[in-house]
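Asker: The structure that follows is given in the form of structure tokens.
Residue numbers (the numbering used here): 1304 to 1471.
Next up, the structure:
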């Protein structure tokens, strides 16, 4: 899908959660709250009840807060710019890049541990990934790779490679 609402839901649900565990929750949320307006107007206790079993309840609270903010501040339309997405509660650099690239074809690489592992192996980067110079190098490499590509396809392919290389 290129629907930013559904992409965002999946990103929030899959934070700290395996895909096989998160899939049923994603389906439940999409079925019950077909639009961000429906999610924003839902009572928080209802959302938390649906979230039971996923843990990290702050994700659900942040999700509800962000849904309300998007409805109030952006008239229910997801912001398409990476920097605007970052301002929303519960959305960090990875999720902002995923939403911006998959929903809006913005060339922002979604870099997580799997992507870092792939890039360090392919490019023979042996320095610790915690080192800020290494992090900067990896971001420069992936940012260069996504240019002149279809960002949605590039990031989803990288996610898939990471998923496979992680033994999933």
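Where is the CB? At the ideal position from N, CA and C, for every residue including glycine.
#1: Helix, strand or coil for residue 1323? Go by DSSP, reduced to three states.
#2: Counting only runs that start and end within the segment 1389-1468, where is the alpha helix (DSSP H) found for 4 or more residues in a row?
#3: By the three-class DSSP mapping on this structure, what secondary structure does residue 1351 have?
#4: Output yes or no for whether 8 Å exceeds the beta carbon distance between residue 1367 and residue 1350.
#5: Let me confirm a value: residue 1344 is counted as buried when at least 16 other C-beta atoms fall within 10 Å, else exposed. Which label applies?
#6: Would you say the segment 1435-1448 touches the segment 1376-1391, given that touching needs at least three Cβ pairs under 8 Å?
#7: Quick one: grab the DSSP three-state call for residue 1307.
#8: Measuring alpha carbon to alpha carbon, tell me which residue in 1314, 1364, 1380, 1409 is nearest residue 1338.
#9: If we count the other Cβ atoms within 10 Å of its Cβ and call it buried at 16 or more, is residue 1328 buried or exposed?
#10: Measure the C-alpha to C-alpha separation of residue 1458 and residue 1325 and round it to an integer number of angstroms.
#11: By Cβ distance, which residues of its chain are closer than 6 Å to residue 1377, with the 5 residues on each side in sequence left out?
#12: Should residue 1412 and residue 1400 be called a contact, given that it needs their Cβ atoms to be closer than 8 Å?
Answerer: Checking against the coordinates, here is how it stands:
#1: Position 20 of the chain shown holds residue 1323. Assigned with DSSP and collapsed to three states, residue 1323 falls in helix.
#2: For the segment 1389-1468, whole alpha helix (DSSP H) runs of length 4 or above, ordered along the chain, are 1396-1407, 1416-1425, 1435-1449, 1454-1468.
#3: To locate residue 1351, count along the chain shown from 1; it is residue 48. Secondary structure of residue 1351 (DSSP, three-state): helix.
#4: Here residue 1367 corresponds to residue number 64 of the chain shown, with the count starting at 1. Here residue 1350 corresponds to residue number 47 of the chain shown, with the count starting at 1. With respect to the 8 Å criterion, residue 1367 and residue 1350 are classified as neighbours on the basis of their beta carbons.
#5: For the purposes of this step, residue 1344 is identified with residue 41 of the chain shown, where counting begins at 1. So residue 1344 counts as exposed.
#6: Too few Cβ pairs lie closer than 8 Å, so no.
#7: Within the chain shown, the letter at position 4 stands for residue 1307. DSSP places residue 1307 in helix when its eight states are reduced to three.
#8: To locate residue 1338, count along the chain shown from 1; it is residue 35. When each option's Cα is compared against that of residue 1338, the closest is 1380.
#9: What you label residue 1328 is simply residue 25 of the chain shown in a count that begins at 1. Result: buried.
#10: Residue 1458 sits at position 155 when you count from the first residue of the chain shown. Residue 1325 sits at position 22 when you count from the first residue of the chain shown. Distance between the alpha carbons of residue 1458 and residue 1325: 20 Å.
#11: Against the chain shown, residue 1377 aligns to sequence position 74. If we look at residue 1377 and ignore the five residues flanking it on each side, it has no Cβ neighbours.
#12: As a first step, residue 1412 is located in the chain shown; it is residue number 109 there, counting from the start. As a first step, residue 1400 is located in the chain shown; it is residue number 97 there, counting from the start. Between residue 1412 and residue 1400, the C-beta gap is smaller than 8 Å, which places the two residues in contact.
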